[in-house]
Amino acid sequence: MNLTRRHALMALALLPAACSRATPYEPAAKESEASPSKAGWGPKDLFPPERYASELKTGAAPLLFHVGPSFLFEKGHVPGARPVGEAGEPSGISALERAVASLPREKTVVVYCGCCPYKNCPNVGPAMAALKKFGFADPRILDLPTTFRADWIDRGFPVEHG
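Add 14 to a position in the sequence shown, counting from 1, and you land on the number used in my numbering.
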C-alpha cells in the first residue's frame with residue numbers, strides 16, 4: 015500500500031474521534047433515541063445517501079456543503095461537495111452564508127459533516143438553523159447517522175480526495 019493511501023485510510027479511521035463531542039465507538043442512534051428535533055431538524059429533513067449518490071450519477075444532485083472540519087474534507091468527501099468549514103463556529107456559518115448568498119431560496123441545499131454520529135454533531139444543527147434563517151425552503155442533511163466512513167464510504171458510494 016502506498017504511503018498516501020495509508021495516510022488516507024488512517025485519517026478515515028479517525029473520523030469519529032475528530033468531533034470533539036463524539037463518542038468514537040457509539041453506534042448509530044435509533045430515531046427514538048436521538049433528539050435532533052431539539053436542534054431544529056428531524057427525520058423529514060434527511061436526504062438519503064443512496065438517493066444523493068444516484069442523483070450524482072445523473073447530474074441532478076442538489077448542492078452539497080461540507081460543514082465539518084476542513085482536514086476531513088481534504089482526506090475524502092462526497093464528489094462535488096463544497097467545503098465551508100465547521101458550522102459550529104461563527105466563521106463556518108459566515109462561510110456558509112457567503113456560499114449560498116446568490117442561490118434561489120426555493121432550491122434544495124444539503125449539508126453534511128460526517129465526523130461523528132449526527133445526534134452529537136456540533137455542525138449539522140447550526141448549519142440547518144442558518145439555512146432556515148437565510149430563508150431556504152428545503153434545507154436538508156445528508157443522512158449519515160453514524161459517520162461519513164460508515165454511512166457513505168463503506169456503502170461503496172463515490173469519494174473525492176483533496
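Just so it is clear, CB atoms sit at the ideal spot from N, CA and C, and this is done for glycine as well.
Every value quoted in this text rests on a predicted model; they were computed, and no experiment measured them.
*Using the C-alpha atoms, what's the distance from Gly-170 back to Ile-107?*
Residue numbering aside, residue 107 sits at position 93 when the sequence shown is read from its first letter. Residue numbering aside, residue 170 sits at position 156 when the sequence shown is read from its first letter. Taking the straight line joining both Cα atoms gives about 30 Å.
*Between the beta-carbon of Leu-158 and the beta-carbon of Asp-152, is there less than 8 Å?*
Locating residue 158 in the sequence shown gives position 144, counting from the first residue. Locating residue 152 in the sequence shown gives position 138, counting from the first residue. Contact flag unset, no.
*If we call anything under 8 Å between Cβ atoms a contact, is Asp-59 one with Ile-155?*
Taking the sequence shown and counting its residues from 1, one reaches residue 59 at position 45. Taking the sequence shown and counting its residues from 1, one reaches residue 155 at position 141. Taking 8 Å as the Cβ cut-off, Asp-59 and Ile-155 qualify as a contacting pair.
*In chain order, what residues of the same chain lie with their CB nearer than 8 Å to the CB of Ala-144, ignoring the 5 residues before and after it?*
Position 130 of the sequence shown holds residue 144. Here the set comprises Ala-101, Ile-107, Leu-110, Glu-111.
*Go ahead and pull the three-state DSSP assignment for Val-138.*
For the purposes of this step, residue 138 is taken as the residue at position 124 of the sequence shown. In the structure shown, Val-138 sits in a helix (DSSP, three-state: H, G or I).
*State buried or exposed for Leu-6, treating a residue as buried only when at least 16 other CB atoms are found within 10 Å of its CB.*
Outside the displayed span of the chain (15 to 176) sits residue 6, for which this structure offers no information.
*Return the CA-CA distance between Ala-75 and Tyr-126, expressed in angstroms with no decimal places.*
Indexing the sequence shown from 1 puts residue 75 at position 61. Indexing the sequence shown from 1 puts residue 126 at position 112. Taking the CA atoms as reference points, Ala-75 sits about 14 Å from Tyr-126.
*Can you tell me the Cβ-Cβ gap for Gly-82 and Gly-128, rounded? I've got them flagged as a contact below 8 Å.*
Within the sequence shown, numbered from 1, the residue matching residue 82 stands at position 68. Within the sequence shown, numbered from 1, the residue matching residue 128 stands at position 114. About 6 Å separates the Cβ atoms of Gly-82 and Gly-128, confirming a contact at the 8 Å cut-off.
*asked:* For a quick check, are the C-beta atoms of Phe-79 and Ala-95 less than 8 Å apart?
replied: Within the sequence shown, numbered from 1, the residue matching residue 79 stands at position 65. Within the sequence shown, numbered from 1, the residue matching residue 95 stands at position 81. Result yes, Cβ atoms of Phe-79 and Ala-95 sit closer than 8 Å.
*Cα-Cα, which of Lys-147, Thr-160, Ser-116, Arg-119 is closest to Pro-131?*
The residue you call residue 131 lines up with position 117 of the sequence shown. Taking each of Lys-147, Thr-160, Ser-116, Arg-119 in turn and checking the Cα distance to Pro-131, the smallest one comes out for Thr-160.
*Give the range of the alpha helix (DSSP H) segment to which Tyr-132 is assigned.*
For the purposes of this step, residue 132 is taken as residue 118 along the sequence shown, with counting starting at 1. No alpha helix (DSSP H) holds Tyr-132; DSSP gives it neither H nor E.
_Run of the alpha helix (DSSP H) containing Ile-107, from where it starts to where it stops_ = By 1-based counting over the sequence shown, the position of residue 107 is 93. Counting along the chain, the alpha helix (DSSP H) containing Ile-107 begins and ends at 104-114.
*Residues in its own chain within less than 6 Å of Glu-120 by CB, not counting five upstream and five downstream?*
Locating residue 120 in the sequence shown gives position 106, counting from the first residue. Around Glu-120: Ala-151.
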